[in-house]
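Engineer: Here's a structure for you.
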Amino acid sequence: MPPRRTQRKKRRGQRDLSLPYLEQRFEVGEPEQGKRLDSFLASRLSWHSREAARRFIDQGMVEVLPGKDPQQAPVGALRRGLKLRWGQEVVLRTPAPRPAAPAAGPAAAEELEVIYEDDSVLAVNKPPGLAVHPSKGHLTGSLIHRIHERHRRLGGGRDGEVPTLCHRLDRETSGVVLAAKDQLSRTRIGRQFEARTVAKTYLALVAGEIEEDEGVIDLPLGRSLTAAVRLRMCVRHDEGGQPSRTEWRVVHRLPGRTLVELRPRTGRQHQLRVHLAAIGHPILGDKLYLGGDEVFVRAVQGGLSEEDRRLLVLDRQALHAWRLEVEHPMTGLPLRLEAPLWPDMLELLDGFKPGA
Numbered sequence: 050m051p052p053r054r055t056q057r058k059k060r061r062g063q064r065d066l067s068l069p070y071l072e073q074r075f076e077v078g079e080p081e082q083g084k085r086l087d088s089f090l091a092s093r094l095s096w097h098s099r100e101a102a103r104r105f106i107d108q109g110m111v112e113v114l115p116g117k118d119p120q121q122a123p124v125g126a127l128r129r130g131l132k133l134r135w136g137q138e139v140v141l142r143t144p145a146p147r148p149a150a151p152a153a154g155p156a157a158a159e160e161l162e163v164i165y166e167d168d169s170v171l172a173v174n175k176p177p178g179l180a181v182h183p184s185k186g187h188l189t190g191s192l193i194h195r196i197h198e199r200h201r202r203l204g205g206g207r208d209g210e211v212p213t214l215c216h217r218l219d220r221e222t223s224g225v226v227l228a229a230k231d232q233l234s235r236t237r238i239g240r241q242f243e244a245r246t247v248a249k250t251y252l253a254l255v256a257g258e259i260e261e262d263e264g265v266i267d268l269p270l271g272r273s274l275t276a277a278v279r280l281r282m283c284v285r286h287d288e289g290g291q292p293s294r295t296e297w298r299v300v301h302r303l304p305g306r307t308l309v310e311l312r313p314r315t316g317r318q319h320q321l322r323v324h325l326a327a328i329g330h331p332i333l334g335d336k337l338y339l340g341g342d343e344v345f346v347r348a349v350q351g352g353l354s355e356e357d358r359r360l361l362v363l364d365r366q367a368l369h370a371w372r373l374e375v376e377h378p379m380t381g382l383p384l385r386l387e388a389p390l391w392p393d394m395l396e397l398l399d400g401f402k403p404g405a
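Take 50 as the starting number for the sequence shown in the numbering used here and just add one per residue.
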């Protein structure tokens with residue numbers, strides 16, 4: 050008997066976050082023949098407990114379809130202990146979280162600032178204070194939510210494909226974010242990021258007046274072992290330090306602060322923030338590397354003092370992803386994307402506009 054040929058499953062891309070519910074589909078593999086429904090679901094939902102999987106079943110959020118079952122056997126009553134058959138498909142539908150109340154400031158704007166768009170890619174100027182992806186504490190209202198809502202409003206998403214982000218920025222960092230509108234474009238751009246052929250240029254407003262005009266910071270970075278804040282990084286010259294290199298150039302000097310252009314040649318966590326702090330010029334508004342552990346903790350708890358605010362100058366880190374240069378995924382031509390500075394940083398530059 051010839052071996053059974055299986056059709057290659059189409060790759061599932063980004064879920065459309067503008068839809069009113071989250072639908073997840075799981076195919077029952079041959080090794081899972083006879084497994085209980087609640088155990089199967091818990092194994093596929095690694096971020097949920099088995100008890101949570103049982104609640105989904107009890108609340109009617111789970112459906113079992115014949116799928117690719119060779120015998121197309123009818124599915125019995127949905128219960129926790131239902132024994133699954135090879136080829137069946139388990140569908141979980143959970144309500145999407147309700148949108149959070151809009152935040153104050155630039156991040157509250159419903160409309161995205163689009164800086165480039167064609168049939169393959171979309172580039173936007175991300176506001177400060179906006180997360181790029183949903184997180185545990187911020188399930189709705191992220192940048193990708195807004196991109197999906199816009200995409201559907203303009204008639205997209207009918208073929209099941211929605212834009213996916215090609216990279217990310219920290220919540221407090223503003224600037225260029227590039228999204229791909231289809232899986233092929235996402236794959237081709239992703240390869241460029243992996244090969245480090247994408248040129249990134251940032252603008253940062255730092256504390257103090259830098260004397261030199263340009264330079265290179267070549268210091269290995271790793272996680273701090275002594276900081277009270279676990280996510281803090283530091284310069285490490287031991288085996289825990291990874292090679293990290295940042296090129297910088299002074300763009301404009303002001304009393305007590307300097308606007309610098311930054312070109313990271315590696316992509317370590319917090320690289321630009323730690324490197325600038327290491328040379329004595331931390332980024333304004335950086336609660337962790339300018340303020341320190343105690344200031345950071347007070348900021349998380351919503352209790353910054355007036356002294357803290359005077360030290361920070363700005364209520365977010367003054368870091369902006371100004372320019373991104375990639376190869377267009379379809380034409381192969383250079384694509385140079387630039388995002389104007391946000392007003393909160395412009396106000397600190399006394400009328401100076403980089404790139405004007």
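All residues carry an ideal CB built from backbone N, CA and C; glycine is no exception.
If I'm right that D342 touches A276 with Cβ under 8 Å, what's the distance once you round it to whole angstroms?
Structural biologist: For the purposes of this step, residue 342 is taken as residue 293 along the sequence shown, with counting starting at 1. For the purposes of this step, residue 276 is taken as residue 227 along the sequence shown, with counting starting at 1. 6 Å between Cβ atoms; contact.
Engineer: Measure the beta-carbon distance from L86 to L133 and round it to whole angstroms, keeping in mind my assumption that it falls under 8 Å.
Structural biologist: Taking the first residue of the sequence shown as 1, we reach residue 86 at position 37. Taking the first residue of the sequence shown as 1, we reach residue 133 at position 84. So it is a contact: roughly 6 Å between Cβ atoms.
Engineer: Quick one: what's V375 bridged to in DSSP?
Structural biologist: Position 326 of the sequence shown, counting from 1, holds the residue named residue 375. DSSP lists L384 as partners of V375.
Engineer: Less than 8 Å between the beta carbons of F105 and V111, yes or no?
Structural biologist: Stepping through the sequence shown from its first residue, residue 105 is reached at position 56. Stepping through the sequence shown from its first residue, residue 111 is reached at position 62. Yes; because the gap between Cβ atoms is below 8 Å, this pair is in contact.
Engineer: To the nearest angstrom, report how far apart A153 and W391 are at their CA atoms.
Structural biologist: Looking up residue 153 in the sequence shown gives position 104. Looking up residue 391 in the sequence shown gives position 342. Bear in mind that a pLDDT of 39 at A153, under 50, signals an unreliable position, so the model cannot answer this.
Engineer: State buried or exposed for P366, treating a residue as buried only when at least 16 other CB atoms are found within 10 Å of its CB.
Structural biologist: Position 317 of the sequence shown, counted from the first residue, corresponds to residue 366. Inspection of the sequence shows that residue 366 is occupied by Gln rather than by Pro. It counts as buried.
Engineer: Just tell me which of L373, T295 and H330 has its CA closest to the CA of E258.
Structural biologist: The sequence position of residue 258 within the sequence shown is 209, counting from 1. Ranking the options by Cα distance to E258, first place goes to H330.
Engineer: For A101, count neighbouring Cβ atoms within 10 angstroms of its own Cβ and tell me buried if that reaches 16, exposed if not.
Structural biologist: Within the sequence shown, numbered from 1, the residue matching residue 101 stands at position 52. A101 is exposed by the Cβ-count criterion.
Engineer: Tell me the rounded alpha-carbon separation between W371 and Q350.
Structural biologist: Within the sequence shown, the letter at position 322 stands for residue 371. Within the sequence shown, the letter at position 301 stands for residue 350. Spanning the two alpha carbons is a distance of roughly 30 Å.
Engineer: What are the boundary residues of the beta strand (DSSP E) that includes M110?
Structural biologist: Here residue 110 corresponds to residue number 61 of the sequence shown, with the count starting at 1. Careful: M110 lies outside any beta strand (DSSP E) and carries neither H nor E.
Engineer: Could you tell me which of L384, L363 and T380 sits nearest to L373, measuring between CA atoms?
Structural biologist: Position 324 of the sequence shown holds residue 373. When only C-alpha atoms are compared, the closest one is L384.
Engineer: Any idea what DSSP makes of E355, helix, strand or coil?
Structural biologist: Working through the sequence shown from its first residue, we reach residue 355 at position 306. It is helical.
Engineer: Secondary structure at D393, three-state DSSP: helix, strand or coil?
Structural biologist: Here residue 393 is taken as the residue at index 344 of the sequence shown, counted from 1. Reduced to three states, the DSSP call for D393 is helix.
Engineer: To the nearest whole angstrom, what separates the beta carbons of H324 and S223, a pair I think is in contact under 8 Å?
Structural biologist: Taking the first residue of the sequence shown as position 1, residue 324 is located at position 275. Taking the first residue of the sequence shown as position 1, residue 223 is located at position 174. Not really, about 19 Å apart at Cβ, beyond 8 Å.
Engineer: Taking the straight line between their C-alpha atoms, what separation do you get for H182 and E198?
Structural biologist: Position 133 of the sequence shown holds residue 182. Position 149 of the sequence shown holds residue 198. Roughly 14 Å between the two C-alpha positions.
Engineer: Taking buried to mean at least 16 other C-beta atoms within 10 Å of its own C-beta, is E260 buried or exposed?
Structural biologist: The residue given as residue 260 occupies position 211 in the sequence shown. Burial call: exposed.
Engineer: Taking C-beta to C-beta, are R306 and L339 nearer than 8 Å?
Structural biologist: Here residue 306 refers to the residue found at position 257 of the sequence shown. Here residue 339 refers to the residue found at position 290 of the sequence shown. No.
Engineer: Leaving aside the five residues before and after P123 along the sequence, list all residues of the same chain whose C-beta is less than 8 Å from its C-beta, in chain order.
Structural biologist: As a first step, residue 123 must be located in the sequence shown, where it is residue number 74. Excluding residues within five positions, the ones whose Cβ falls inside 8 Å are P115.
Engineer: What is the residue span of the beta strand (DSSP E) that D267 lies within?
Structural biologist: For the purposes of this step, residue 267 is identified with residue 218 of the sequence shown, where counting begins at 1. That run of the beta strand (DSSP E) goes E263 to D267.
Engineer: Which residues does DSSP list as the beta-bridge partners of P313?
Structural biologist: Here residue 313 refers to the residue found at position 264 of the sequence shown. The partner list for P313 (beta bridge, DSSP) reads T295.
Engineer: Report, in whole angstroms, the separation of the C-beta atoms of V171 and K249, which I expect to be a contact under 8 Å.
Structural biologist: Indexing the sequence shown from 1 puts residue 171 at position 122. Indexing the sequence shown from 1 puts residue 249 at position 200. The question names Val, yet the displayed sequence has Leu at residue 171. Wrong, their Cβ atoms sit about 18 Å apart, outside the cutoff.
Engineer: Could you have a look at V346 and say whether DSSP puts it in helix, strand or coil?
Structural biologist: Here residue 346 is taken as the residue at index 297 of the sequence shown, counted from 1. Reduced to three states, the DSSP call for V346 is helix.
Engineer: So, helix, strand or coil for A326, using DSSP?
Structural biologist: For this step, residue 326 is matched to residue 277 along the sequence shown. A326: helix per DSSP, three-state reduction.
Engineer: For chain C, is any of its Cβ atoms less than 8 Å away from the one on R272?
Structural biologist: Protein chains in the displayed structure number just one, and chain C is not present.
Engineer: Considering L252, what are the terminal residues of the alpha helix (DSSP H) in which it resides?
Structural biologist: Here residue 252 refers to the residue found at position 203 when the sequence shown is read from its first residue. Taken as a continuous stretch (DSSP letters only), L252 belongs to no alpha helix (DSSP H), being part of the beta strand (DSSP E) at A248 to A256.
Engineer: Which residues in the same chain as G289 place their Cβ atom closer than 6 Å to its Cβ, once the five residues preceding and following it in sequence are excluded?
Structural biologist: Here residue 289 corresponds to residue number 240 of the sequence shown, with the count starting at 1. Only G271 meet the Cβ criterion.
Engineer: Give the secondary structure of Q73 by DSSP, where H, G and I count as helix, E and B as strand, and everything else as coil.
Structural biologist: On the sequence shown, position 24 is the one that residue 73 refers to. Note: Q73 maps to strand in three-state DSSP.
Engineer: Would you decide whether L233 is buried or exposed? Buried here means 16 or more other CB atoms lie within 10 Å of its CB.
Structural biologist: Within the sequence shown, the letter at position 184 stands for residue 233. So L233 counts as exposed.
Engineer: With burial defined as no fewer than 16 other Cβ atoms inside 10 Å of the residue's Cβ, what is the status of P378: buried or exposed?
Structural biologist: Within the sequence shown, numbered from 1, the residue matching residue 378 stands at position 329. The residue is buried, with at least 16 neighbouring Cβ atoms inside 10 Å.
Engineer: Just the C-alpha distance for I332 and L361, rounded to the nearest angstrom, thanks.
Structural biologist: Here the question's residue 332 lines up with position 283 in the sequence shown. Here the question's residue 361 lines up with position 312 in the sequence shown. I332 and L361: Cα-Cα distance of roughly 9 Å.
Engineer: Does the Cβ-Cβ distance between V265 and R294 come in under 8 Å?
Structural biologist: Reading the sequence shown from its first residue, position 216 is the one you call residue 265. Reading the sequence shown from its first residue, position 245 is the one you call residue 294. Yes. Within cutoff.
Engineer: Near R103, what residues of its chain come up, given a Cβ to Cβ distance below 7 Å and the 5 sequence neighbours on each side ignored?
Structural biologist: Taking the sequence shown and counting its residues from 1, the one referred to as residue 103 is at position 54. Closer than 7 Å at the Cβ level, and outside the excluded window around R103, lie D87 and R129.
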